[in-house]
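For the sequence shown, numbering that gives the first Met the number 0 assigns the number 0 to the initial residue and increments by one for each residue that follows. Note that beta-carbon positions come from the ideal geometry of N, C-alpha and C, so glycine has one too. The next block holds one structure in the form of structure tokens; read it before the comments.
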Amino acid sequence: MRTFEEKVAAAAAADVTGWGFGFLDGRATEERPPWGYVRRLADALSSADAALDLDTGGGEVLAEALDLSARRPVRAAATEGWEPNLVRARERLHPLGVEVMAAGPGAPLPFAAGSFDLVTSRHPVAPDWAEIARVLRPGGGYLAQHVGPASAFELVEYFLGPQPEARKGRDPEREAEQARGSGLDVDELLTARCRMEFFDIGAVVWILRKCPWWVPDFTPARYEAKLRQLDAQLRSEPFVAHSTRHLIRATRVGPAERRGRAAR
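Quick look at the structure:
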């Protein structure tokens, strides 16, 4: 059996770019939401003429969905804001005919108004509803799986202690209201709470590097005492946490319908 030091060193050196999670195979598990996002994305892409994927990571999810789609959009584009992921996304998606543009959270999308009839995202950093509505054509759709409130907070709070204010973020009903306020009709809003199990301290170190917003000041050295305590537990039983997700499907309201609503 590998020592604590060996497991931590391997996890600290492992690649965390992109949205692949192969490092966790055999080290951790997570239930998937029941709606099957990749399959739904593939179906939506099959009926789209121009599609945009936001915060695409390394392009893994979009590439898988394009492979499953019965028909690919005439125009496909994606955005990513983190340079290492941007490089990976271009390597993966350019051969599939996907235009990949740099766009970070809070920045305007580098596309003209009404450019797309489908905008998608799996785990967007911070949805900019006004920009999403702007680049959608009237009648166009938004389909995304978002991270929900207090996701994996059992693990977050193990390191940081209680986070009552942070637990209130990413509320699905609040996000739906924000979407409506930007001119979108919310057609579907589904939520799920999924069990996560960590079996190996390397999995914990790696996921905290992969998702640095969970424990922003994390380094193995800074949290060595906590990691050693958790390692002792993991050698006899898993650490259990829960991820939260919501699926949101929305349609951009057309000008005529918006005028009609304003007149009521």
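Quick one: grab the DSSP three-state call for residue 228. helix
Specify the secondary structure class of residue 259 as computed by DSSP and reduced to three states. With a pLDDT of 49 at residue 259, under the threshold of 50, the modelled position of this residue cannot be trusted, and the question is left open.
For residue 214, name the three-state secondary structure that DSSP assigns. coil
For residue 138, which residues of its own chain have a beta-carbon under 7 Å away from its beta-carbon, when the five flanking residues on both sides are left out? 250, 251 and 253
How should residue 106 be labelled, buried or exposed, when 16 other C-beta atoms within 10 angstroms of its C-beta is the threshold for buried? exposed
Per DSSP, what kind of secondary structure is residue 245 in: helix, strand or coil? strand
Which term fits residue 223, buried or exposed, when burial requires 16 or more other beta carbons within 10 angstroms of its beta carbon? exposed
With C-beta atoms as the reference, is residue 194 less than 8 Å away from residue 245? no
How many Å lie between residue 103 and residue 92 at the Cα? 18 Å
Report the three-state DSSP secondary structure of residue 42 (helix, strand or coil). helix
Could you tell me which residues DSSP puts in a beta bridge with residue 144? 121 and 246
Can you grab the Cα-Cα spacing for the pair residue 128 / residue 185, in whole Å? 12 Å
Have a look at 152, 131 and 12 and flag the residue whose alpha-carbon is nearest the alpha-carbon of residue 166. 152
Whole-angstrom distance between residue 162 and residue 136, CA atom to CA atom: 40 Å
Classification of residue 95 by the beta-carbon crowding that lies within 10 angstroms, buried from 16 upward: exposed
Once the 5 residues before and after residue 262 are set aside, which same chain residues still bring their CB inside 6 Å of it? In this prediction, residue 262 scores a pLDDT of 46, lower than 50, which makes its location untrustworthy; no coordinate-derived value is stated.
How far does the beta strand (DSSP E) with residue 52 in it extend, from its first residue to its last? 49-53
Using a threshold of 8 Å, state whether the C-beta atoms of residue 27 and residue 58 are closer than that. no
If I'm right that residue 119 touches residue 192 with Cβ under 8 Å, what's the distance once you round it to whole angstroms? That pair is no contact at about 23 Å.
Quick one: residues in its chain with C-beta nearer than 7 Å to the C-beta of residue 149, no 5 flanking neighbours on either side, listed in chain order? 166 and 243
Is the separation between the beta-carbon of residue 143 and that of residue 247 shorter than 8 Å? yes
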